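Just so we're aligned: the sequence shown equals residues 1 to 174 in UniProt numbering. Structure record follows, encoded as structure tokens.
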Amino acid sequence: MTWNSQKFFDLIKYFELPLQTKIKNFSRGMRMKIALTIALSHDVKLLILDEATAGMDVSGREEVMELLEDFVAQGGGILISSHISEDIEQLADKLVFMKDGRMILTEQKDILLAQYGIVTTEDKDVEIPKHLIIASRLSKGKYQILVKDYAEIENAEPLKHIDDATKIIMRGEV
């Protein structure tokens, strides 16, 4: 692994991080920015990030996301865990949904958004082939059922956002 001092100082400037302030006095967002700065200054090929933009304001999140998009565009890879679905929708190409330590669903983002959908019904025992059901939950007196190949299922609506799938998986039965 190499150290790139020029990249380090360029990123310090990009993030407008104070050079004379001790890191222990940085905010959570500033700490994440300095951690990214240090990692990227080693000319890494893979970043493993946990809640990379948590605690940042909108402007700070945008700075980090633009930097991460550039990193990917230059051939870098990112494994990211986030509860901020905007970050995932912007960066990810493959999604892994986990619940209680188990992988529930692994899918390409484009396929999830194009082929998965939701059936909303008052009857839990609606006739849907079991192999197409991912998860279901009761919400506001109606059942929401996350299904794959939604076009094959009567009254299924396409998935609009990753959050729609996340809510059913995390708050429902799988």
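Glycine residues also receive a C-beta, built at the ideal position from the N, C-alpha and C atoms. A quick note: this is a predicted structure, and the numbers were derived from the prediction, not measured.
Rounded separation between residue i and residue j - CA only
i: glutamate 86; j: phenylalanine 97; result: 15 Å
i: histidine 131; j: glycine 60; result: 42 Å
i: aspartate 70; j: lysine 124; result: 45 Å
i: glycine 141; j: valine 126; result: 15 Å
i: serine 5; j: leucine 113; result: 41 Å
One or two residues paired with residue i in a DSSP bridge
i: aspartate 50; result: Ser81
i: tyrosine 116; result: Lys148
i: leucine 105; result: Phe97
i: threonine 173; result: The identity of residue 173 in the sequence shown is glutamate, whereas the question assumes threonine. Note: glutamate 173 sits in a beta bridge opposite Ser136.
Contact check, residue i vs residue j, beta carbons under 8 Å
i: valine 174; j: alanine 135; result: yes
i: glutamine 108; j: lysine 148; result: no
i: isoleucine 34; j: leucine 46; result: no
i: arginine 137; j: isoleucine 168; result: yes
i: leucine 11; j: threonine 37; result: yes
i: leucine 95; j: isoleucine 162; result: yes
Exposure of residue i, with buried meaning 16 or more beta-carbon neighbours within 10 Å
i: serine 41; result: buried
i: glutamine 144; result: buried
i: glutamate 63; result: buried
i: threonine 21; result: exposed
i: glycine 101; result: exposed
i: methionine 30; result: buried
i: leucine 49; result: buried
i: leucine 146; result: buried
Any C-beta of chain B under 8 Å from that of residue i
i: aspartate 149; result: Here there is only one protein chain, and chain B is not present.
Check: What residue ranges within the stretch 121-162 form continuous beta strand (DSSP E) runs of no fewer than 3 residues, ordered along the chain?
Finding: Every unbroken stretch of the beta strand (DSSP E) spanning 3 or more residues and falling wholly within the stretch 121-162 is given here in chain order: 133-139, 142-148 and 156-158.
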